[in-house]
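Asks: Line order of the protein sequences matches chains A and B.
Take the first sequence: its position 390, counted from the start at 1, is 389 in numbering that gives the first Met the number 0, and no numbers get skipped.
Take the second sequence: its position 406, counted from the start at 1, is 405 in numbering that gives the first Met the number 0, and no numbers get skipped.
Number of protein chains: 2
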Amino acid sequence: MSNYEHRKSTVTLKIKRVDGTPLKNAEVVVRQTKHKFLFGCAEFSVVPFANDELQGKEKEKFETVFEKFLELFNFATLPFYWARFEPVKGKPDTIRLKKTAEWLLSKGCTVKGHPLCWHTLTAPWLLEMDNQQILFAQLERIRREVSEFAGLIDMWDVINEVVIMPIFNKYDNGITRICKELGRIRLVKEVFSAAIEANPDGIFLINDFNTSVAYEILIEGLLEAGVRIDAIGIQSHMHQGYWGVEKTQEILERFSRFNIPIHFTETTIISGNLMPPEIEDLNDYKVDEWPSTPEGEERQAMEAVMHYKTLFAHPMVKAITWWNFLDGGWLNAPAGFITKDGRVKPVYYELYKLIKGEWWIDKLTLVTDENGTANFSGYMGDYEISCQDRKTTFKLENKKEFIEITF
Amino acid sequence: MSNYEHRKSTVTLKIKRVDGTPLKNAEVVVRQTKHKFLFGCAEFSVVPFANDELQGKEKEKFETVFEKFLELFNFATLPFYWARFEPVKGKPDTIRLKKTAEWLLSKGCTVKGHPLCWHTLTAPWLLEMDNQQILFAQLERIRREVSEFAGLIDMWDVINEVVIMPIFNKYDNGITRICKELGRIRLVKEVFSAAIEANPDGIFLINDFNTSVAYEILIEGLLEAGVRIDAIGIQSHMHQGYWGVEKTQEILERFSRFNIPIHFTETTIISGNLMPPEIEDLNDYKVDEWPSTPEGEERQAMEAVMHYKTLFAHPMVKAITWWNFLDGGWLNAPAGFITKDGRVKPVYYELYKLIKGEWWIDKLTLVTDENGTANFSGYMGDYEISCQDRKTTFKLENKKEFIEITF
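Structure (structure tokens):
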């Protein structure tokens, strides 16, 4: 038995003809078309790309990039940083983001918005308001985005980095001000209420880079205060080195006790020199060049495989998002699957071997018995079944599935 | 204006004769007899001493020790470590502890019990129980001690070191087991409810050595969950070096936002070599000899003065307890005011200069006016006023006081 049995369904297919008689002793072919597990990535250049703002060579380059992206991933994070989404109050970037979400959706991707409330990159114009007005603007903003995007984006990082939020002291900002006044728990309660009110069926996350006992206690406090948290977001930006299996499992153990799905929302393993350990805020590390190296790429691939295996093996983990698809994004880091000159790195192929290989039913030929029945076991997700030139689809969502197919 | 104005009362004394006429132009002498602020110390040898278990030279030594103790302190912490208080189930050490509390009370000390629930030094016989039985025994124990000692001890460290409690992994123990199952907030809720039920007017503390954001968030979660916390206990065992004013103030700022009294429950500054910084759990540091040195004693005195001044200057701090009175107690550290050979260290005299000097009205001669009125300003606490051979007492508890005295 593998470590991944909880990711699989044991399926009984009962296949009939249109007239209701069983399709006996027939060959059918089953193919997986999508994972139930969310394998995701954040690549914000998808916004200009999907809005057809690129031209010539640039456009061609990104066509290849997103072809690769969609071959591997079924989940994408889109940027809703308030400072960029609505730099001028009342002029949100809704149309471009909608077009991007629609495009991703049409390609089979689930889309998540990130983040609705955060002290970093929050709207600078909040600074002119008093705290009551800031809170009002923040909640209005949440209601607006969550309701306007409902149907396209039904999953949101509602609030980001609450552990540090009220004590964040690098610069004054509206969100730290209100978090200081309300306290963490009341602010989280307010922003979650606004989001849930705007889309009761949405999936709403809290997200943090702090994986210490402080975040754990915060979640416990929120749950005791009656906040509905649909998933716990854990960042894992490992610019200073891979955590290793043991630390990852220790974190999983601590956060899984809440019995709430865990999303690894921001996973980074770089393919260049590691950031020095003495850097406390990753944003403080500024380099002109941060090259991807051959040894780095080998290490990155190996560590990413270990990390994905560790997470996929844990039943509470429902999503992993890589940060980002291309090198040279945040911190100019060699964090991507593709180098600046467009070369696909080993990490891509190694994860592909898992996600679309070991953990995937590429093509399975089954033969039905006298009753038109065939059994198999496969990773949960969407499937296509064909018999000669006829085709239909089904979903595997539970440990055991009984599925009737009519050809 | 000093940093300590919030510790003082501005008093108008209105002094009359028994016949109701004002005592005009008369000399009265005011003396402080006790601080409102709790200046405390933990010295557990008080238990055998107060129970008259010592003999000969030992007894004489401790007579001097506790004379010194009572000259400086108005507050004492007594040990209720479950493993020692009730090593055999059903045979608690109640009588000895009661006698100790009575003795301290008779000497003018407020007494606090420490701790009612803690994973360290908890009853070993809990290990034979299931979690429901452990919780039941824990709550029963709390109800028993808090109600049996009511009137003698009305202040308790109800629960100790909750931040680490469910992840404490040095050895199996009953309290970690139930904290893991219930979660921190629910366990704290239960133990506080039991304590409050047993003595509704008691003062109940949570106490921790963890001063990080994790403890802060825990308190926020507890308050949101409706737990009545009467004071926040902060340990400050500085065996690895004095925190300094800045760190102390940063902690005070973070924990004072709850608007709940803060007690510095366990303050240690040693007068010997510092414990190496790499030691994480202070209990891991074992030495045969840990001498008090002349330079160490000078440093200890200076740092203690800074620490007490910083804490006394902060309006939310209501108590400071030193840990312990004599060298060679916990960890065999030179942490006390008195060396192993009975010499009183500079730290004692320096704190005496503050507590019974700078912050104390030793003797104030006032002259009443035509209306029998006299004004003065003094540190809050208990006072004695005398006029010739007559004497009475009053208390200063508020910023402004108007007190009528009849001689």
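Where a beta carbon is used, it is the ideal one built from N, C-alpha and C, also for glycine.
Within 10 angstroms of its Cβ, does residue 131(B) collect 16 or more other Cβ (buried), or is it exposed?
Replies: It counts as exposed.
Asks: Starting from the N-terminal side, write out each stretch of the beta strand (DSSP E) that is 3 residues or longer and does not extend beyond the segment 218-304 of chain B.
Replies: The segment 218-304 of chain B contains these whole beta strand (DSSP E) runs: 230-236 and 261-267.
Asks: What residue range does the alpha helix (DSSP H) around residue 132(A) cover?
Replies: From DSSP, the alpha helix (DSSP H) with residue 132(A) extends over 130-147.
Asks: Starting from residue 30(B) and walking both ways along the beta strand (DSSP E), at which residues does that stretch end?
Replies: From DSSP, the beta strand (DSSP E) with residue 30(B) extends over 26-34.
Asks: According to DSSP, simplified to helix, strand and coil, what is residue 335(A)?
Replies: Here residue 335(A) sits in coil by DSSP.
Asks: So which residues on chain B does residue 190(A) lean against when the C-beta distance must stay under 9 Å?
Replies: The contacting residues do not exist; residue 190(A) stays about 15 Å from chain B at best.
Asks: Residues of chain A with CB under 9 Å from residue 184(B), in chain order?
Replies: What residue 184(B) touches in chain A: 216, 219, 220, 222 and 223.
Asks: Ordered along the chain, which non-local residues of its own chain (more than five positions away) have a Cβ less than 6 Å from that of residue 81(B)?
Replies: Cβ neighbours of residue 81(B) beyond the five flanking positions: 121 and 122.
Asks: Return the residue from the list 313(A), 304(A) and 4(A) that minimises the CA-CA distance to residue 255(A).
Replies: Residue 313(A) is the option with its Cα nearest to residue 255(A).
Asks: If distances are taken between C-alpha atoms only, which option among 219(B), 285(B) and 67(B) comes closest to residue 42(B)?
Replies: Minimum Cα distance to residue 42(B) is reached at 67(B).
Asks: Can you check whether the C-beta of residue 8(A) is within less than 7 Å of a C-beta belonging to chain B?
Replies: Closer than 7 Å: no.
Asks: Based on the DSSP output, what are the partners of residue 67(B) in its beta bridges?
Replies: Paired residue(s): none; residue 67(B) is not in a bridge.
Asks: Exposed or buried, which one is residue 45(B) when buried takes at least 16 other CB atoms within 10 Å?
Replies: Buried, by the Cβ-count rule.
Asks: Taking the runs of the alpha helix (DSSP H) that are 4 residues or longer, which of them lie wholly in the segment 90-122 of chain B?
Replies: Taking only runs of at least 4 residues, the alpha helix (DSSP H) segments lying wholly in the segment 90-122 of chain B are 93-105.
Asks: What ranges does the beta strand (DSSP E) occupy inside the segment 359-402 of chain B, keeping only unbroken runs of at least 3 residues that lie completely in it?
Replies: The qualifying runs are 363-366, 372-378, 380-386 and 389-395.
Asks: Quick check: what's the CA-CA separation for residue 18(A) versus residue 197(A)?
Replies: Cα-Cα distance, rounded: 46 Å.
Asks: Tell me, please, whether the segment 300-314 of chain A touches the segment 243-250 of chain A by the rule of three or more beta-carbon pairs shorter than 8 Å.
Replies: Output reads yes: the segment 243-250 of chain A touches the segment 300-314 of chain A.
Asks: Is residue 179(A) near the ligand PLP, in the sense that its beta carbon is under 6 Å from a heavy atom of that ligand?
Replies: The ligand PLP is absent from the structure shown, which contains no ligands of any kind.
Asks: Got a sec: which bits of the segment 27-43 of chain A sit with their beta carbon under 9 Å from any beta carbon on chain B, in order along the chain?
Replies: Correct list: empty, as no residue qualifies.
Asks: Within its chain, find whatever has a CB closer than 8 Å to the CB of residue 386(B); leave out the 5 residues flanking it on each side and keep chain order.
Replies: Counting only Cβ-Cβ distances below 8 Å, and skipping sequence neighbours, we find 14, 22, 25, 26, 27, 28 and 406.
Asks: Just to confirm my understanding: we take residue 118(B), look at its own chain, exclude 5 residues before and 5 after, and list those with CB closer than 6 Å. What are they?
Replies: Here the set comprises 164, 167, 172, 174 and 175.
Asks: Would you call residue 241(B) buried or exposed, if buried means 16 or more other Cβ atoms sit within 10 Å of its Cβ?
Replies: Under this definition residue 241(B) is a buried residue.
Asks: How should residue 376(B) be labelled, buried or exposed, when 16 other C-beta atoms within 10 angstroms of its C-beta is the threshold for buried?
Replies: Result: exposed.
Asks: Taking residue 139(B) as the reference, give the member of 150(B), 85(B), 111(B) and 102(B) with the closest Cα.
Replies: Of the candidates 150(B), 85(B), 111(B) and 102(B), the one whose C-alpha sits nearest the C-alpha of residue 139(B) is 85(B).
Asks: Return the bridge partner residues of residue 40(A) from the DSSP annotation.
Replies: Beta-bridge pairing links residue 40(A) to 75(A) and 321(A).
Asks: In the DSSP assignment, find the beta strand (DSSP E) that holds residue 7(B) and state where it starts and stops.
Replies: Its beta strand (DSSP E) spans residues 7-15.
Asks: Give the straight-line distance between the Cα atoms of residue 187(B) and residue 221(B), rounded to the nearest whole angstrom.
Replies: One C-alpha to the other measures close to 8 Å.
Asks: Output yes or no for whether 7 Å exceeds the beta carbon distance between residue 227(A) and residue 193(A).
Replies: Not closer than 7 Å, so no.
Asks: Where do the N-terminal and C-terminal ends of the beta strand (DSSP E) with residue 203(B) fall, by residue?
Replies: Unbroken beta strand (DSSP E) run through residue 203(B): 202-207.
Asks: Under 8 Å by Cβ, that's how I've got residue 266(A) and residue 338(A) pegged, so tell me the actual separation to the nearest angstrom.
Replies: Between residue 338(A) and residue 266(A) the Cβ distance is about 18 Å, and since that is not below 8 Å, they are no contact.
Asks: Short check: CB of residue 133(A) to CB of residue 205(A), under 7 Å?
Replies: No, the pair does not count as a contact, with Cβ atoms beyond the cut-off.
Asks: List the endpoints of the continuous alpha helix (DSSP H) containing residue 177(B).
Replies: It spans 173-181 - the alpha helix (DSSP H) in which residue 177(B) sits, taken as one unbroken run.
Asks: On the three-state DSSP scale, how would you describe residue 164(A)?
Replies: Here residue 164(A) sits in helix by DSSP.
Asks: Between residue 187(B) and chain A, is the shortest Cβ-Cβ distance under 7 Å, so that the two count as touching?
Replies: Chain A contact via Cβ: absent.
Asks: Looking at residue 392(A) and residue 383(A), is the spacing between their C-beta atoms short of 7 Å?
Replies: It is a contact, given that the beta carbons lie within the stated cut-off.
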